[in-house]
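Participant: Keeping their order, the protein sequence lines are chains A and B.
With my numbering as the guide, the letters of the first sequence map in order to residues 67 to 496.
With my numbering as the guide, the letters of the second sequence map in order to residues 160 to 309.
Each residue gets a CB set at the ideal place from its N, CA and C atoms; glycine is no exception.
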Amino acid sequence: MATRTIQVDVLARVEGEGALTLVLDGDDVVEAKLKLFEPPRLFEAMMCGRACTEAPDITARICGICPVAYQMSSVHAVEDALGIRVDGALRELRRLLYCGEWIESHTLHMVMLHAPDFLGLPDAMTLAKYHPERVRGSLRVKKAGNAIVATLGGREIHPVNVKIGGFYRAPRRAELEALLPELRAARDEADAMIDWLATLEFPAFERDYELVSLRHPAEYPMNEGRLVSTKGLDIDVREFGQHIEEHQVPYSTALHARIIGRGAYQAGPLARFVLNADRLTPRAAAAAARVGLDPSCRNPYRMILVRGVETLVALDEAIRIIEAYTPPPAASVPVELRAGVGHAVTEAPRGILYHRYEIDDAGIVQHAQIAPPTSQNQRGIEEDLLAMGPVLAGLSIEQATRRAEHAIRNYDPCISCSTHFLTLAFERRR
Amino acid sequence: MTGDAARAVIVGIGQLAAGDDAIGVLVARVLAERGFETRACADASVVLALLEAGRRVVVVDAVVGGGPPGTVLRLDPGDLAGGPAPLSSHGIGVAEAIELAGTLYGERIAAAVAIVGVAIDRPQRAAVELSPAVAAAIEPAAALAAGLAR
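1. Please list, in chain order, all residues of the same chain as residue 78 (chain A) whose beta carbon is under 7 Å from its beta carbon, the five residues on each side excluded.
2. Starting from residue 216 (chain B), follow its DSSP beta bridges and name the residues at the other end.
3. Since residue 204 (chain B) meets chain A, which of its residues come closer than 9 Å, beta carbon to beta carbon?
4. Please return the same chain residues whose Cβ sits closer than 6 Å to the Cβ of residue 368 (chain A), not counting the five positions on each side in sequence.
5. Under 8 Å: do the segment 199-211 of chain A and the segment 442-454 of chain A share three or more Cβ pairs, one atom per stretch?
6. Check the DSSP bridge columns for residue 430 (chain A) and list the partner residues they point to.
7. Reducing DSSP to helix, strand and coil, say where residue 106 (chain A) ends up.
8. Could you tell me how far apart the beta carbons of residue 251 (chain B) and residue 178 (chain A) are, in whole angstroms, since I believe they sit closer than 8 Å?
9. Can you find a C-beta in chain A that's less than 9 Å from the C-beta of residue 266 (chain B)?
10. Quick one: is residue 111 (chain A) buried, meaning 16 or more other Cβ sit within 10 Å of its Cβ, or exposed?
11. Is the Cβ-Cβ distance between residue 296 (chain A) and residue 341 (chain A) less than 9 Å?
12. By how many angstroms is the C-alpha of residue 302 (chain A) removed from the C-alpha of residue 148 (chain A)?
13. Around the C-beta of residue 247 (chain B), are 16 or more other C-beta atoms found within 10 angstroms, so that it is buried, or is it exposed?
14. Taking C-alpha atoms, which residue in A:312, A:299 and A:337 lies nearest to residue 288 (chain A)?
15. Taking the C-alpha atoms as reference points, what is the distance between residue 359 (chain A) and residue 343 (chain A)?
16. Within its chain, find whatever has a CB closer than 7 Å to the CB of residue 172 (chain A); leave out the 5 residues flanking it on each side and keep chain order.
17. Does residue 239 (chain A) pass the burial test, meaning 16 or more other C-beta atoms within 10 Å, or should it be called exposed?
18. Going by the DSSP bridge assignment, what does residue 311 (chain A) pair with across the sheet?
19. Quick check on DSSP: helix, strand or coil for residue 419 (chain A)?
20. Taking 9 Å as the CB-CB cut-off, is residue 183 (chain A) touching chain B?
21. Give a yes or no on whether the C-beta atoms belonging to residue 247 (chain A) and residue 163 (chain A) are separated by under 9 Å.
22. In the DSSP assignment, find the beta strand (DSSP E) that holds residue 280 (chain A) and state where it starts and stops.
23. Whole angstroms are fine: how far does the CA of residue 206 (chain B) sit from the CA of residue 212 (chain A)?
24. Chain A beta carbons: is any one of them nearer than 9 Å to that of residue 248 (chain B)?
25. Suppose contacts are defined by Cβ-Cβ distances below 9 Å. Is residue 25 (chain A) in contact with residue 435 (chain A) by that definition?
26. Using DSSP with H/G/I as helix, E/B as strand and the rest coil, what is residue 344 (chain A)?
27. Report yes if the CB atom of residue 409 (chain A) is closer than 9 Å to the CB atom of residue 146 (chain A), and no otherwise.
28. Here's the rule I'm using: 16 or more other beta-carbon atoms within 10 Å means buried, otherwise exposed. How should residue 366 (chain A) be labelled?
29. Consult DSSP for residue 200 (chain B) and reduce its assignment to one of helix, strand or coil.
30. Starting from residue 306 (chain B), follow the alpha helix (DSSP H) in both directions and report where the run begins and ends.
31. So, helix, strand or coil for residue 278 (chain B), using DSSP?
32. Residue 356 (chain A) and residue 264 (chain A) - do their beta-carbons sit closer together than 9 Å?
33. Whole-angstrom Cβ separation of residue 221 (chain B) and residue 182 (chain B), contact assumed at under 8 Å?
34. DSSP beta-bridge partners for residue 233 (chain B)?
35. Just to confirm before moving on: does the CB-CB distance between residue 195 (chain B) and residue 169 (chain B) stay below 9 Å?
36. At a CB-CB cut-off below 8 Å, which residues of chain A make contact with residue 251 (chain B)?
This is how it looks when you write it as structure tokens:
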């Protein structure tokens with residue numbers, strides 16, 4: 067039996083460290099193992115014995131790219147346990163902070179990390195030689211997102227202003243208004259970026275995914291909503307553990323996840339868009355229609371366009387929130403410690419991020435569970451690669467490797483978050 | 160943040176809670192307390208924004224292949240290819256940012272970057288503290304960056 071092995075030492079343009087092994091037998095990929103082998107993140111254990119009020123600042127350090135997501139899921143889960151409800155301007159400020167992170171993260175991934183795959187270019191530096199205007203524009207959009215996080219979060223990396231019950235300090239109206247010119251200019255740049263991305267060639271590939279996201283009665287989801295899917299899941303986020311189970315696989319330090327009784331699912335921009343297309347802002351809906359995106363989309367390569375549409379949502383929402391902003395009477399609501407169990411799911415740029423905390427009556431965390439989106443998406447990514455056999459079998463080793471890496475990057479994997487870099491190996495049996 | 164436009168902005172790059180990878184961020188914090196204009200980031204894209212705005216930049220980042228952990232290195236952009244490699248978390252590393260700046264804004268602008276590297280073995284995820292050798296490099300790295308920023 068002829069065997070061919072493809073070895074790539076580092077999968078670039080993903081966050082963290084890992085490896086991929088694909089075994090090809092004729093036109094079939096018979097085995098796909100996404101091996102995430104950074105030392106396991108010990109944040110769940112680190113939280114045990116710590117004050118629940120420390121959760122936002124400790125868990126924010128899980129990731130330098132999406133610290134806001136960790137802060138948002140942790141504050142909402144702890145507040146759920148303590149029976150605290152944050153509304154009004156404080157709630158809007160949290161949504162604004164999340165908008166900043168979506169803008170930063172999505173723009174970085176779309177143009178600097180993923181667009182080179184579609185153009186057959188090795189990296190963003192080469193892309194900049196061919197499309198300097200687009201790269202300059204994307205950097206301006208990203209900078210607008212950074213500015214939100216720095217203004218509201220206190221600093222650009224690992225923001226420090228979020229606390230249980232609200233914020234340490236609510237911004238003055240003038241501080242937020244100062245962001246508006248940059249955000250409005252970024253919105254025009256984002257529209258142009260989407261139109262450029264729509265000129266890319268998208269590989270023909272679809273699967274019958276179970277797509278999972280939050281759904282809110284009125285908003286494109288970020289911080290709250292019910293957990294819904296394209297195959298009938300519709301649950302309160304507190305029921306996450308009754309419907310979704312995490313499990314170990316021997317080759318990865320990140321847990322896999324599956325919907326009990328059904329199997330792998332996908333979270334992330336495509337899921338949010340498909341399940342919430344009717345919640346887009348008018349400008350984002352117009353952009354989606356212009357580039358031919360509708361809720362029937364099941365092609366993960368088109369997720370780059372969805373990220374563009376979501377960048378517009380985040381910019382629209384940021385502008386709306388700032389224009390309507392009146393500072394809250396207090397930067398936070400009172401917090402009284404009590405025993406309880408709290409759950410939250412929020413929409414990180416890469417998909418749903420679940421936190422669960424058990425807290426004792428002194429406010430000490432007794433147990434913590436964190437299910438990051440990349441972890442939840444691992445098996446679905448492997449299933450995409452398993453379904454790509456006929457495509458990969460006809461390609462050279464180098465081409466097949468590039469195609470597999472491209473497919474993985476559809477999901478913008480943040481491996482550090484999920485515990486866990488990518489070394490790629492193909493084995494061709496015949 | 161204080162300082163004037165003539166002074167360089169000191170950009171600390173790194174990831175907290177990833178062991179020695181945090182060194183750039185921690186050096187930037189020390190210099191912020193001493194009145195320097197600083198930024199702390201997980202990736203180097205902020206360097207591009209600063210260069211586009213006409214600012215000089217001093218980058219402080221962890222490097223691998225730069226000698227024993229804690230060794231403080233004064234690096235030029237040209238040193239990065241094949242030399243000690245600054246670490247980037249996601250997306251744009253220091254070498255990429257400088258190359259991009261050259262393409263997007265011109266080589267003269269890209270030359271307005273000085274780099275202070277601190278040698279580390281490798282990031283340790285979920286490690287909150289710096290190793291003693293790298294912790295001992297905070298002051299010498301801060302002194303070198305401060306000198307370059309003036």
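Facilitator: The short version:
1. Caution is warranted here: a pLDDT of 47 is assigned to residue 78 (chain A), below 50, making its placement in the model unreliable, and the coordinate value is therefore given only provisionally. Nothing meets the Cβ criterion.
2. B:168 and B:272
3. 170, 174, 178, 205, 208, 209 and 212
4. 268
5. no
6. A:117
7. Confidence in residue 106 (chain A) is poor, its pLDDT being 49 and thus under 50, which makes the residue's placement too unreliable to answer from.
8. 6 Å
9. no
10. exposed
11. yes
12. 17 Å
13. With a pLDDT of only 46 at residue 247 (chain B), under the threshold of 50, the placement of this residue in the model should not be trusted; the figure read from the coordinates follows. The residue is buried, with at least 16 neighbouring Cβ atoms inside 10 Å.
14. A:337
15. 10 Å
16. 373, 376, 377 and 415
17. exposed
18. A:324
19. strand
20. no
21. no
22. 277-281
23. 12 Å
24. Interpretation of residue 248 (chain B) is limited by its pLDDT of 43, a score under 50 that renders its predicted location unreliable; no figure is taken from the coordinates.
25. Any answer about residue 25 (chain A) is impossible in this case: the structure gives chain A only from 67 up to 496.
26. helix
27. yes
28. buried
29. strand
30. 297-308
31. strand
32. yes
33. 5 Å
34. B:275
35. yes
36. 174, 178 and 190
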